[in-house]
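So the sequence shown is numbered by the numbering used here: it starts at 31 and just counts up by one. Glycine residues also receive a C-beta, built at the ideal position from the N, C-alpha and C atoms. Remember, it's a predicted structure, so these values are computed and weren't measured experimentally.
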Amino acid sequence: MTKNNDYWVKRALQRESESAAKGAALTARMFTEYQRAAREIRRSINDFYARYASEQDLSYDEAVRRLSRPEVKEWKASIGDWVKRINQEQDEAVKALLKAELDALSYNSQISRLEALFGQIQMSLNDLYTVGVRQMRQEFGDLFTAGYYKKAYDIQQRVGFVHEFAKINEDMITNVLSYPWSGADFSARLWENKRML
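1. Output the distance between the C-alpha atoms of N34 and G177, rounded to the nearest integer angstrom.
2. Count the other CB atoms, across all protein chains shown, that sit within 10 Å of the CB of E131; report buried if there are 16 or more and exposed otherwise.
3. Going by the CB atoms, is the gap between I151 and I71 shorter than 7 angstroms?
4. Which residue wins for smallest C-alpha separation from A67, given the options L56, S208, Y159, K40?
5. With a CB to CB cut of under 8 angstroms and the five nearest residues on each side skipped, what residues in its chain are close to V113?
6. Assess contact between the region 78-90 and the region 168-188, defined as three or more Cβ pairs (one per stretch) separated by less than 8 angstroms. Is contact present?
7. Would you identify the three-state DSSP class for P210, choosing helix, strand or coil?
8. Which residues in the same chain as D77 place their Cβ atom closer than 8 angstroms to its Cβ, once the five residues preceding and following it in sequence are excluded?
9. Just tell me which of A55, N199, K125, R167 has its CA closest to the CA of N156.
10. Is it the case that the Cβ atoms of G171 and M60 are separated by a distance below 7 angstroms?
11. First and last residue of the alpha helix (DSSP H) that includes I75?
12. Can you tell me whether A93 is helix, strand or coil according to DSSP?
Okay, here's the thing in structure tokens:
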């Protein structure tokens, strides 16, 4: 290879390395968020049952089974708040997934204390999911746009003249992010990660 070709190969590898580093940083941030959420959920569950069992002089199993009338009202109010948040979601695919999750939770008319707590945890995880989708969509869109323009610049530098090229718009970014790489787009992968948590 000539020195010129070596330079452009190194430059292309550097651009790829920059993008991979940004993706790795985003992955690390999301992993940290999921770990934080899981720790908080575990702590909340333990505190909840310890406090309730102590206050009511109950065993763990009895505390799990009981759900008082005020708690049923609180549960229903939290469902109402969740419905409002779902309806405010702009991404239709995300909204559909969240509605399906809500339907699954609300089919039980008689719920135990544990099921109510589980529902609240699911709502928290769904909030985390929507934040994650928003952050990832933004970060991936920024990476795609920056990568595209840097590569266009590099090509122009290599050929030695400046020419017009297509500009990136929001629809292009949405199409790229919606493409099912390896069988699923990033939103579906996040949803599966939430279920595994």
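In short:
1. 21 angstroms
2. buried
3. yes
4. Y159
5. L132
6. no
7. coil
8. Same-chain partners within the cutoff: there are none.
9. K125
10. no
11. 33-86
12. A93: helix per DSSP, three-state reduction.
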